[in-house]
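Numbering (this note's numbering), first residue to last: 3 to 244. Note that beta-carbon positions come from the ideal geometry of N, C-alpha and C, so glycine has one too. What follows is a set of notes on a single structure, which appears directly below.
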Ligand code: F6R
């Protein structure tokens with residue numbers, strides 16, 4: 003695990019975007035696993051800027067998002083589909099048919115999970131999986147539990163996760179109770195994982211995830227078993243590392 007700590011958000015964003023840009027420059031057909039939330043926004047802005055400067059193209063890339071809320075139509079302002087359109091996928095040259103996100107409004111959610119996994123299977127392996135980190139150690143929406151799922155599945159969100167994500171909704175009660183998420187098995191199957199964490203409020207969970215015991219109580223701790231993880235932290239998030 004390669005842990006890099008940055009003094010400024012700008013440096014962190016440029017480093018994250020640089021890794022993704024470098025991958026696409028050497029492998030234009032790369033399969034990207036993408037995340038939503040506050041953490042990747044600055045990296046996405048850098049990628050959009052690099053694309054504007056013709057330094058990188060997404061035209062042949064494929065994108066798979068980690069997760070989507072159950073019950074939100076793609077056009078809902080707080081859906082992860084909308085988030086990705088507004089922050090990255092709608093602003094670069096990736097064709098829409100190469101962008102994949104589970105549908106949280108499918109009538110049969112189990113079938114939707116199975117078909118997302120089949121599609122992932124067709125591509126074999128994600129080349130680079132971008133991850134943020136939840137305060138409780140979740141990755142994607144794989145919440146702490148006695149056991150973790152390997153494939154895409156329906157998950158009930160922890161109250162702490164709903165509270166943390168309430169900032170994207172008009173009222174806290176509008177935060178969906180469930181989501182579809184890629185499983186930990188799919189995440190760990192990626193060739194490379196880029197974990198990005200910012201802020202003092204995540205310092206404790208960063209320490210547990212990167213240096214604590216490997217346990218399903220902290221799903222991100224399973225990343226310690228992956229051979230090719232790069233972690234980008236700001237100095238606040240890395241403040242409790244030993
Ligand atoms: C988002 C996702 C989540 C977030 C995590 C951190 O697609 O899967 O695991 O990465 O909740 O969220 P932020 O970045 O908003 O702190």
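Please determine, among the options, the residue with the shortest C-alpha to C-alpha distance to residue i.
i           : options               : result
residue 187 : 218, 174, 108 and 202 : 218
residue 167 : 25, 75 and 70         : 70
residue 200 : 34, 41 and 12         : 41
residue 204 : 235, 227 and 224      : 235
residue 150 : 73, 171, 92 and 223   : 223
Cα separation between residue i and residue j?
i           : j           : result
residue 96  : residue 32  : 12 angstroms
residue 154 : residue 66  : 12 angstroms
residue 117 : residue 8   : 39 angstroms
residue 81  : residue 184 : 16 angstroms
residue 28  : residue 193 : 15 angstroms
residue 232 : residue 242 : 18 angstroms
residue 121 : residue 89  : 24 angstroms
residue 211 : residue 152 : 19 angstroms
residue 74  : residue 178 : 8 angstroms
residue 47  : residue 55  : 12 angstroms
For the alpha helix (DSSP H) holding residue i, just list the boundary residues, first then last.
i           : result
residue 195 : Not the alpha helix (DSSP H): residue 195 falls in the beta strand (DSSP E), residues 194-199.
residue 5   : Per DSSP, residue 5 belongs to no alpha helix (DSSP H); it is in the beta strand (DSSP E), 4-8.
residue 166 : 161-167
residue 35  : Here residue 35 belongs to no alpha helix (DSSP H); instead the beta strand (DSSP E) covers 33-36.
| Is the region 96-109 touching the region 134-151, taking contact as three or more C-beta pairs under 8 angstroms? | no
| request: Decide yes or no for the touch test of the region 210-224 against the region 156-172: beta carbon pairs closer than 8 angstroms, at least 3 of them. | output: no
| task | Take every Cβ of the region 9-20, pair it with every Cβ of the region 106-125, and state whether three or more of those distances are shorter than 8 angstroms. | result | no
| Touching by the beta-carbon criterion (3+ pairs, under 8 angstroms), the region 72-80 and the region 43-60 | no
| query | Which residue spans inside the region 40-77 form an unbroken beta strand (DSSP E) run of at least 3? | reply | 64-67 and 69-71
| message | Quick check for students: name the residue ranges of the alpha helix (DSSP H) that lie wholly in the region 71-112, counting only runs of 4 or more. | response | 82-86
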